[in-house]
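Data block below; observations after.
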Amino acid sequence: MPSTPTKTLETFPNPKVGRDFHIHMEVPEFTCLCPKTGQPDFATLILDYIPDKTCVELKSLKLYMWSFREEGHFHEDVTNRILDDLVKVTKPRFMRLTAKFYVRGGIFTNVVAEHRKKGWAPAPRVDLTQFEHQSNTRG
Numbered sequence: 014m015p016s017t018p019t020k021t022l023e024t025f026p027n028p029k030v031g032r033d034f035h036i037h038m039e040v041p042e043f044t045c046l047c048p049k050t051g052q053p054d055f056a057t058l059i060l061d062y063i064p065d066k067t068c069v070e071l072k073s074l075k076l077y078m079w080s081f082r083e084e085g086h087f088h089e090d091v092t093n094r095i096l097d098d099l100v101k102v103t104k105p106r107f108m109r110l111t112a113k114f115y116v117r118g119g120i121f122t123n124v125v126a127e128h129r130k131k132g133w134a135p136a137p138r139v140d141l142t143q144f145e146h147q148s149n150t151r152g
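Residues in the sequence shown are numbered consecutively from 14, following my numbering.
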């Protein structure tokens, strides 16, 4: 049966609840429509989060992202809506969504939205290797 887009996000139990760990995901093919012109807007979404009790399941995230392809949204709206939906289902300690929209009319738009669980504070930063953009691409 072929996959179809859906607004349903699934989760699974955090395998290490007692530890803060950073999950980094990149969605390089996000698409929605401009609500003014109906033209497609393309973006790379970068999701960084520290889970609490649950993590987002990847296939459901892919199908969720796909569900915006035929919908009109302003960049600021869609970024915050996606963050709100992810926070609602995962209830993370911390989550940041960065949306890097490709050029439209000579303008690049980046939107960054964050959620921080009340009372949660990060451990002091240990500076290690940073993830490069599309660091999982081999070739």
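A virtual CB, placed ideally from N, CA and C, is assigned to each residue, including glycine. Owing to the predicted nature of the structure, the values given are computational and were not obtained by experimental measurement.
Linking PHE121 to LYS66 through their CA atoms gives a straight-line distance of about 36 Å. In its chain, beyond the 5 residues on either side, PRO64, ASP65, LYS66, THR67, CYS68 have a beta carbon closer than 8 Å to the beta carbon of ASN27. Around the beta-carbon of ALA112, 16 or more other beta-carbon atoms lie within 10 Å, marking it buried.
According to DSSP, TYR62 shares a beta bridge with ILE36, MET108. If you draw a straight line from the Cα of TRP79 to the Cα of CYS45, it comes to about 9 Å.
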